[in-house]
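Undergrad: Here's a structure for you.
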Amino acid sequence: MQNVRLGIIGLGNIGRYHAGYLLEHKVGRAQLVAVADAFAPLETFAAKGLETFADGEALIRSGAVDAVIIATPHYQHTTLGIAAFAAGLHVLVEKPISVHKADAGRLIAARQQRPECVFGAMFQLRTEPRYLKIKKLITSGELGRLVRVNWIITDWFRTEAYYASGGWRATWKGEGGGALLNQCPHNLDLVQWFCGMPARVRGFCQLGRYHDIEVEDNVTAYWEWADGATGVFITSTGEAPGTNRLELCGTRGRLVLADNRLTFVRNETAMDEFSRAAKTGFARPDIWKAEIPFDDTPAQHATLTQNFVDAILDGSPLIAPGEEGIRSVELANATLYSSLTGQTIELPLDAAAYETKLQQLIAESRFEKKVVAVVAEDFTKSFVR
Ligand SMILES: NC(=O)c1ccc[n+]([C@@H]2O[C@H](COP(=O)([O-])OP(=O)(O)OC[C@H]3O[C@@H](n4cnc5c(N)ncnc54)[C@H](O)[C@@H]3O)[C@@H](O)[C@H]2O)c1
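Numbered per the numbering used here, the sequence shown spans residues 657 to 1041.
So this is what it looks like as structure tokens:
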């Protein structure tokens, strides 16, 4: 194979965005040849010479593509992903890879049946220079052993019009969650990418605090790692102006990413060693302060799609393997489950118990979703960095 024939399933906000850069040939050795959407108009794509399908499964069965990008509402990531693997296609799935851990497990199991298929997840923030610098400072040991992570990411502001723009949005049945599942998968993925998975989770989720919705739009979570490291994660889609401040503390210093600046305050001696060796009570390690420069280009979805294509054609390692997507799903589920049950949740999360809880929420829902067409606007304004 010299080029990858790509199909996109789901032509809403993000599906059209993927189609845009692919049609502009921003991804080498990839050709967008087909698209599918169950509801959106397809004529403009047909006019560009693409094969069009009114349902994703028909595109998968068509034989027209080698690989699919799945950009539908989250529940269909699992069902369409499983169908695509069964048909021997490579799959690049949007985040979250599934609504809940049991579904993510089913998707991963389907891929295991077809190990020749490449499975990527669209976690494009893993390509952002600022996050790559943080990752490097952690993996190189510069920051020492991580002891605390705090992320206040409350600038995911969304209006009532956003929630009313799609029948699936912000319902247990259509989306399976709120801020944790729609806006935060990128942040949850980065937390586990930097720090690994916590051992236990306590979440406090307010459902429909700011919006006329039944799912969480305001969250405070406490996470604890097996080695005693702790984390607090605060998010909201109702707060304006909101904050985006990530602080990572290690034994060798503190990293803060806020206001488009990355600052590293470095302990000359690791704090635990210093504490043990110091002869006086109020002494502190000497510090060095450095502003870490980073290239300010935003994450490019096209970079991840290029990496997916390179993985198919050359066997290049994936930046975001699909299997790793189960971790952010588990973090989201466990945080919500903890809040709903009023308990600390030990990880790994009991996937079946959470699925049962979600089914109960769906069955007991009395929420009536009102859908209102939104004024066309630039969707890329929604990307937070
Ligand atoms: N990586 C990112 O930066 C990013 C940004 C936005 C959205 N997303 C993710 O992309 C997904 C879609 O989000 P969106 O905002 O584009 O939603 P959207 O509602 O705008 O679009 C979804 C589209 O999927 C179509 N669809 C639904 N079921 C289908 C099926 N079975 N077959 C074919 N088409 C089907 C709908 O008609 C709709 O056009 C979500 O999972 C979301 O989390 C990722």
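Backbone N, C-alpha and C fix where the C-beta goes; we use that ideal spot for every residue, glycine too.
First and last residue of the beta strand (DSSP E) that includes residue 920?
TA: Annotation for residue 920: the continuous beta strand (DSSP E) segment containing it runs 917-923.
Undergrad: Taking DSSP as the reference, what is the three-state secondary structure of residue 695?
TA: coil
Undergrad: Tell me where the beta strand (DSSP E) around residue 767 begins and ends.
TA: Careful: residue 767 lies outside any beta strand (DSSP E), inside the alpha helix (DSSP H) at 757-769.
Undergrad: Report all residues from its chain with a CB closer than 8 Å to the CB of residue 895; omit the five preceding and five following residues, and keep chain order.
TA: 810, 811, 813, 866, 874
Undergrad: So what does DSSP say about residue 737, is it helix, strand or coil?
TA: Residue state, collapsed to three classes: helix.
Undergrad: Could you tell me whether any non-hydrogen atom of ligand 3 is closer than 8 Å to the CB of residue 769?
TA: In the structure on display, ligand 3 does not appear, and the ligands it does have are ligand 1.
Undergrad: Classify residue 854 as helix, strand or coil using the three-state DSSP reduction.
TA: In this structure, residue 854 counts as coil in the three-state DSSP scheme.
Undergrad: With H, G and I counted as helix, E and B as strand and the rest as coil, what does DSSP make of residue 672?
TA: The three-state secondary structure of residue 672, taken from DSSP, is helix.
Undergrad: Could you give the first and the last residue of the continuous alpha helix (DSSP H) run that contains residue 992?
TA: 981-997
Undergrad: Between which two residues does the alpha helix (DSSP H) harbouring residue 819 extend?
TA: 816-820
Undergrad: Quick check: is any heavy atom of ligand 1 less than 8 Å from the C-beta of residue 783?
TA: no
Undergrad: Does any heavy atom of ligand 1 sit closer than 8 Å to the C-beta of residue 964?
TA: Distance from the C-beta of residue 964 to the nearest heavy atom of ligand 1 is not below 8 Å.
Undergrad: How about the region 987-999 and the region 764-782: do they share at least three Cβ pairs that are nearer than 8 Å?
TA: Contact between the region 987-999 and the region 764-782 is absent, because fewer than three Cβ pairs lie under 8 Å.
Undergrad: Using the C-alpha atoms, what's the distance from residue 767 back to residue 892?
TA: 34 Å
Undergrad: Buried or exposed: residue 759, going by 16 or more other Cβ atoms within 10 Å of its Cβ?
TA: buried
Undergrad: Could you check how far apart the C-beta atoms of residue 948 and residue 918 are, in whole angstroms? I think they sit under 8 Å.
TA: 4 Å
Undergrad: Compute the minimum distance between the beta carbon of residue 786 and the heavy atoms of ligand 1, and state whether it is under 8 Å.
TA: Placement of the Cβ of residue 786 at a distance of 8 Å or more from every heavy atom of ligand 1 is found.
Undergrad: Would residue 983 pass as a contact of residue 883 if the rule is Cβ separation under 9 Å?
TA: No. Outside cutoff.
Undergrad: With distances taken between CB atoms, is the gap from residue 756 to residue 1011 smaller than 9 Å?
TA: yes
Undergrad: Return the chain-ordered list of same chain residues with a C-beta closer than 6 Å to the C-beta of residue 922, the five sequence neighbours on each side being excluded.
TA: 909, 944
Undergrad: Can you find a heavy atom of ligand 1 that lies under 8 Å from the Cβ of residue 842?
TA: yes
Undergrad: Which residues in the same chain have their Cβ closer than 6 Å to the Cβ of residue 955, if we skip the five residues on either side of it in sequence?
TA: 780, 781, 783, 784
Undergrad: Where DSSP assigns a beta bridge to residue 905, which residues make up the other side?
TA: 804, 910
Undergrad: By a C-beta neighbour count over all protein chains shown, 10 Å radius and 16 as the cutoff for buried, is residue 657 buried or exposed?
TA: exposed
Undergrad: What residues match up with residue 878 in a beta bridge as DSSP calls it?
TA: 858, 888
Undergrad: Output the distance between the C-alpha atoms of residue 829 and residue 731, rounded to the nearest integer angstrom.
TA: 9 Å
Undergrad: Measure the C-alpha to C-alpha separation of residue 1026 and residue 823 and round it to an integer number of angstroms.
TA: 7 Å
Undergrad: Are the beta-carbon atoms belonging to residue 861 and residue 805 less than 9 Å from one another?
TA: no
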